[in-house]
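Below is one structure, written out as structure tokens, with a few remarks after it.
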Amino acid sequence: MGTKTRTQNVVQQNPSSKALHTKHLLDLADEMAEMSEDEFRLTIAAFRSYRRAMLLDRAQEPK
């Protein structure tokens, strides 16, 4: 079963925000499957850098 079919089934069976989140993850998986290895590594590195920056910002916020 292809990712597009899985995505359609997930959203049709459960149109909740969780299903939409799953749809976005499956769409991202489709995009990443078409990337070269270098593009994939750069995407992961960028995501990790972004995530690290977000965690540092959150840790520095006054509570």
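Note that the sequence shown covers residues 1445 to 1507 in my numbering.
By construction, the Cβ of each residue, glycine as well, lies at the ideal position given by its N, Cα and C atoms.
If I follow the unbroken alpha helix (DSSP H) through residue i, where does it start and stop?
i	result
M1498	1481–1504
S1461	1461–1477
Does the ligand COA have a heavy atom nearer than 8 Å to the CB of residue i?
i	result
F1491	With respect to the ligand COA, the structure shown offers nothing to examine, as it has no ligands at all.
Assuming residue i contacts residue j under a Cβ cut-off of 8 Å, what Cβ separation, rounded to an integer in Å, is found between them?
i	j	result
T1487	M1479	7 Å
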